[in-house]
Each structure stands twice: as C-alpha cells, then as structure tokens.
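In this note's numbering, the protein residues as written are 23 to 391. All C-beta atoms in this analysis are idealised placements derived from N, C-alpha and C, irrespective of residue type, glycine included. Note that this is a predicted model, so its numbers are computed, not measured. In what follows, a single structure is set out as structure tokens and then discussed.
Here's what the structure looks like:
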C-alpha cells in the first residue's frame, strides 16, 4: 500500500511513525505547508501531487477542519483512491455526500479514529451493527471536558483554574470552545448514531449543551447529594423513533461513568442481543489516534470498507422528560432547592435546551434516575 498523508501534525506524525518499517504499507508523500526532510517520503504542497499520482492507492486525512480537508478527500475518492480519516467534523458534516460517492467509486472509506481515539469504538459498533439492532449509544466522548469535570470534582477547583491547568498540559486548546461547548462531542454523537441506526441524522434536531458555565458551587452541590457531573452524549432508538442529544449529566457516585478519570473516555452501546457493552480508554493523543488510523489501513488492505448502512435522513425527537439541576432564571416547576440552584419537575430535553439558549449564562444538568 502506497499512502499519501494529508497533514503532519500530532496525529500525522504518529501515523508516519507507526507505518515506518512495515512491509505492507508506506507513506510516500506528505502534504504540508512547509518542506521538510523525511527519510522515505517526499513532502508536497499541492494536493494534485497526491491525487494524480497513480502509484498512491490510499490517502490518509489528518489535517482537521472542514476545508480544504473535504475538498481533498472528495478529490481522492473521485480519483479512485481509498481514504482513511480521523476527522469527525468532516465525516459528520458531509456524511450524505461521502457515503454515496464511496459506493459509486467502489473504494474503501474508513473513519474509526474519528470517535474515541484509540478505543476502537466505531470498529466495534460497526461489527455489532452487522448482526444485531442497536438500541442505544453514548457516553463520555471528550477527554478535555472529562479532565475539567474530574479535576473540579477531585480538587474542588473552579472552572477557570482547571481549564488553565488543562491548557498547560496540552489537554485543552488555547481556544477550548469546540470542546467545552460540546461541539466535539456533538459531532461524535451524531456520527455514532448514524452508524448505529443506519440513518443520516438532521444535525439541527440534535441539541447540545456544554460545561462552560459550571461553577465550583455546582460541584459542591453534586457532591452533597452523591452525584458526579459528566458531559454525556446520548442516542436512542425506540419504536422507530430516534432521540439524540449532548448535555451535562449527573450520575450517581459509583456508576461506571462517575469513575472515569482525567482525559479518558467511556463509550457504550446497547444491542438487542449483546445488551450493554462499554469501551474505555484514551480518547485522543498522537499514538492512540494514530493506532486506530493504522488499524483502518490494515482493514483497507483486506478490502474492508466501512459498514454503514445508509437508510436516508432522520430527525431526532427529544421529548423525553427528565429531572434537571438548574442554576439561572428558571420559572418552571421546582421540586426542591439546592442552595442558589434548583431541582426541577420533569422537563423534556427539547424544552430544557430551548431554555438554555434563551439563558446563555445559565447552567443545567440532567439528573440520571
């Protein structure tokens, strides 16, 4: 296998290092802005040097972002090349465009490193989907948010201090918005639900709430009631109706999610036959993610494309009623007060997310029963 590598950042370097010395695959060209000397690969600045190279049969995209990544991936597929990507935003955003094109061109397309880093979550989900109906997917999918929430809980620190700590350690970007506002988890949740349920979810029907507004006083309230806050993605299918959302969720101390430390992930599916199966590990980083990219490359060598039955569009219906912890200008029914915050009577997921949009400085977390 001759590989054209798009991007040479953290993950790109990891892919290059893990493929070096293998007899069955070799990175022969690397697309990057600046020239650099590599022992056995040529650096290029023009995507045409890769997509028009007949000796290259597979393209690995680890640039990140939507453009030009999507344009390059599409050009590679149209040129008849297999594609492996770790870019969840790209696959989630252009799911409807990529899957039909891959089928039309008869190439292999794999993206299992897009969710869960090195956990192999999407690989296991696709395997499960081949032989059983999936009822539910979800869990902790973002290491940055989990690091922040875990350290606020264990150390009693406020949000801003833990965020700075995470940035100093490289767990959070200088602009952490994509992580802390839940967008990264949202992309992963939609992609997971698409694969699990064989649909293309209307992204506008999947609400997301992040952790930006959580305070130390909230965490103390949770501790006093034996609860731990985690940012959790949920996708469910019941009687043909799909619900999907991302939100802070309070779980009982002692539940599996409550014990997930630092920047780790814990992702779960519930199958009709297998029942509940969970996957734990590092959700990001050079080698965990690169490991999964190389696993995808091995699958491509075996002629194994991504198993993702495409059943058309679907809208998420989020009318499930939950009890919530809220801090802000809440005028709905209240069951009890926790200091300056309150616990609500049951409110639908859709209604609570609508309230959060109208109250951007408020904080809410679903209380898992």
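| Asked | Found |
| --- | --- |
| Residues near residue 62 in its chain [Cβ-Cβ closer than 6 angstroms; skip 5 each side] | none |
| For residue 349, the three-state DSSP class (helix, strand or coil) | strand |
| As assigned by DSSP and simplified to three states, the class of residue 155 | coil |
| Neighbourhood of residue 255 by C-beta distance below 7 angstroms, restricted to the same chain and skipping five residues each side | 160, 161, 163, 207, 210, 211 and 268 |
| Beta-carbon proximity list for residue 155, same chain, < 6 angstroms, skipping 5 on both sides | 294 |
| Sheet register partners of residue 299 (DSSP bridge) | 291 |
| Where residue 328 falls: helix, strand or coil (DSSP) | coil |
| Stretch pair the region 350–357 + the region 365–373: three plus CB contacts closer than 8 angstroms | yes |
| Own chain partners of residue 78 with C-beta closer than 8 angstroms, once the 5 adjacent residues on each side are dropped | 24, 25, 26, 50, 51, 72 and 103 |
| Spatial neighbours of residue 145 in its chain, beta-carbon cut-off 6 angstroms, leaving aside the 5 residues before and after | 134 |
| Ranges of the beta strand (DSSP E) found wholly within the region 65–125, counting only runs of at least 3 | 80–83 and 104–107 |
| Three-pair Cβ contact test at 8 angstroms for the region 321–340 versus the region 238–252 | no |
| Local conformation of residue 193 per DSSP, three classes | coil |
| Contiguous alpha helix (DSSP H) assignments of at least 4 residues, all confined to the region 167–238 | 181–191, 199–202 and 205–219 |
| First and last residue of the uninterrupted beta strand (DSSP E) at residue 359 | 356–360 |
| Span separating the alpha-carbon of residue 346 from that of residue 152 | 36 angstroms |
| Three or more C-beta pairs below 8 angstroms linking the region 165–176 and the region 184–193 | yes |
| Backbone CA spacing between residue 239 and residue 84 [nearest angstrom] | 39 angstroms |
| The beta strand (DSSP E) enclosing residue 249, as first and last residue numbers | 249–260 |
| Distance between residue 96 and residue 129 (C-alpha atoms, nearest Å) | 12 angstroms |
| Sequence-distant residues of the same chain with beta carbon closer than 7 angstroms to residue 218, five excluded per side | 147, 151, 156, 159, 257 and 291 |
| Beta-carbon spacing of residue 231, residue 264 below 8 angstroms | no |
| Continuous beta strand (DSSP E) stretch holding residue 266: start and end | 263–274 |
| Three-state secondary structure assigned by DSSP to residue 242 | helix |
| Residues sharing a beta bridge with residue 335, DSSP | 222 |
| Cβ-based burial, residue 283 [other Cβ within 10 Å; buried from 16] | exposed |
| Range covered by the beta strand (DSSP E) that runs through residue 366 | 363–366 |
| Supposed close pair residue 94, residue 28 - CB separation, criterion 8 angstroms | 6 angstroms |
| Bridge-paired residues (DSSP) for residue 27 | 52 and 82 |
| Local conformation of residue 63 per DSSP, three classes | strand |
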